[in-house]
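Comments concern the structure below.
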Amino acid sequence: MKYNFLGKTGLKVSELCLGTMTFGGKGLFKAVGSLGQESVDALVKRSIDAGINFIDTANVYSEGWSEELTGQSIRNLGLHRDDLVLATKVRGKMSDKINDIGLSRKHIMQQVEQSLKRLQTDYIDLYQIHSYDPLTPLEETLGALDDLVRSGKVRYIGASNMAAWQLMKALDYSTYNQVAKFVSLQAYYTIAGRDLERELIPLLNDQKVGLMVWSPLAGGLLSGKYSRDEQNKESGRRVNFDFPPVNRDRAFDIIDLLKPMAVAKGATVAQLALAWLLHQPAVTTVIIGANKQEQLEDNLKAIDITFTTGELQQLATVSKLPSEYPGWMLERTGVDRK
Ligand SMILES: NC(=O)c1ccc[n+]([C@@H]2O[C@H](COP(=O)([O-])OP(=O)(O)OC[C@H]3O[C@@H](n4cnc5c(N)ncnc54)[C@H](OP(=O)(O)O)[C@@H]3O)[C@@H](O)[C@H]2O)c1
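Numbering-wise, numbering that gives the first Met the number 0 puts 181 at position 182 of the sequence shown, and it's gapless, one number per residue.
Put into structure tokens, the structure is as follows:
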């Protein structure tokens, strides 16, 4: 396992992070997974044994239950809290009460206390906003997050699911007002969905913000277990829950290329799809999700996969996005400014 600095910080996180969205099974998240304490303990233990030091959860996952299972697991396994980097998130709706949603100071302050309780800890290493909140002034959100860092309840703050202009605006606000600054972006990025390369990855490189990749198998699609014609449908989350959205033709062209490559390497399509992400320089960590111990075992082996330059070129070609303005014009005008 390799460890990378999280953005510009001095904090090192494992190149694989354990995702916890399959823990619990309440509300909307029932469709994703419903692992109980025993299975959670087994997944957490195996991850730690494999060298993972980074765990990602969110207050909304199974309505708080995922955080509870994670916190209990750390206790059950006798793990040292300080050896772990615990990340959680705030913004989602936690109840029907009018203020129990969003990135207002009130909701953030209330939810951080709840998350600390559920996780059975007195600090959160990385507190992330789950998405932009267009109804709350950015300065209110960043002011509240800065107070949490200063109080010691939170070590670093991160963002998730933001447009490039929103993230850049937030980074600049923090710089000019000397408040805590987002050190990472958690975003969807796969070989079948390279949209992030248009605006956000250049921004992350420029601003030295870390990248945590979510749904690295596009919800299981890139494990190779689904077929293009939907014959031999395996059971799995994507059968009834078509998320994240993908261009199916492109995704299956990629899978068709990954399959023989996987056979030649004695590996699986899932391992190759994850390894492709690990080969992308902007990626700090890939958040892996599993519903079964075998899936975790499979995914952990991704760190040992290497690609030749030729293979990476083939994968780049099959997964290339159609060009879009201003990208194609910047490419032209940039030719003599390299
Ligand atoms: N910030 C955000 O908005 C956001 C959004 C989504 C996720 N996340 C984070 O990212 C983590 C990972 O997301 P994800 O669970 O969607 O990741 P994913 O890797 O795209 O999908 C994981 C799912 O794919 C299937 N799978 C995994 N490994 C497999 C294998 N080797 N072979 C066959 N099937 C396999 C399992 O589902 P089935 O068994 O049901 O097929 C598993 O639950 C989450 O736990 C969460 O921490 C964040």
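Quick reminder that beta carbons are idealized off the backbone N, C-alpha and C, glycines included.
Closer than 7 Å: is that where the CB of residue i sits relative to any heavy atom of ligand 1?
i, result
"L216", "yes"
"R197", "no"
"K224", "yes"
"D328", "Per the sequence presented here, residue 328 reads as Met, with Asp not at that position. No, the beta carbon of M328 sits no closer than 7 Å to any heavy atom of ligand 1."
"G91", "no"
"D241", "no"
"G235", "yes"
"N40", "Looking at the sequence shown, residue 40 is not Asn but Asp. Outside the cutoff, so no."
"S159", "yes"
By DSSP, does residue i sit in helix, in strand, or in coil?
i, result
"T87", "strand"
"L10", "coil"
"I73", "helix"
"G142", "helix"
"L5", "coil"
"M211", "strand"
"T189", "strand"
"G157", "strand"
"S94", "coil"
"Y60", "helix"
"V178", "coil"
"Q414", "Beyond the ends of the chain as shown, which are 0 and 337, falls residue 414; an answer cannot be given."
"I128", "strand"
"S114", "helix"
"F240", "coil"
"S65", "helix"
"S150", "helix"
"S222", "helix"
Closest to residue i by C-alpha separation, out of the options, would be which residue?
i, options, result
"E37", "M161, R74 and N58", "R74"
"D109", "Q119, L118 and N98", "Per the sequence shown, the amino acid found at residue 109 is Gln instead of Asp. Among Q119, L118 and N98, the Cα nearest to that of Q109 is on N98."
"Q292", "D40, A217 and A186", "D40"
"D252", "T316, Q119 and E66", "T316"
"S226", "D255, Q177, L203 and Q270", "D255"
"G219", "L210, N239 and M211", "N239"
"R197", "G326, T140, A274 and A250", "G326"
"L102", "Q119, Q313, P133 and L118", "P133"
"V282", "P215, V268 and L320", "P215"
"Q270", "G151, Q294, E62 and A162", "Q294"
"P244", "N3, A217 and A49", "A217"
"R45", "K207, Q177, N298 and A163", "N298"
"A301", "G235, H278 and Q185", "H278"
"G151", "L115, A162 and D171", "L115"
"L170", "K180, A163 and A162", "K180"
"I47", "R331, T69, T120 and T305", "T69"
"L5", "V182, D248 and E310", "V182"
Within the present structure, is the beta-carbon of residue i separated from the nearest heavy atom of ligand 3 by less than 7 Å?
i, result
"G288", "No copy of ligand 3 occurs in the structure displayed; its ligands are ligand 1 alone."
Problem - Given 8 Å, three or more beta-carbon pairs between the stretch 254-267 and the stretch 53-63 - result: no
Handout entry: At least 3 beta-carbon pairs within less than 8 Å: the stretch 119-132 vs the stretch 79-87
Key = yes
Handout entry: Cβ contact (3+ pairs, closer than 8 Å) linking the stretch 135-150 and the stretch 197-206
Key = no
Problem - Within the stretch 265-320, ranges of the beta strand (DSSP E) (whole runs, at least 3 residues) - result: 284-287
Practice task
Please specify which runs of the alpha helix (DSSP H), each continuous and at least 4 residues long, are wholly inside the stretch 33-57, giving them in chain order.
Solution key: DSSP runs (the alpha helix (DSSP H)) wholly in the stretch 33-57: 36-48.
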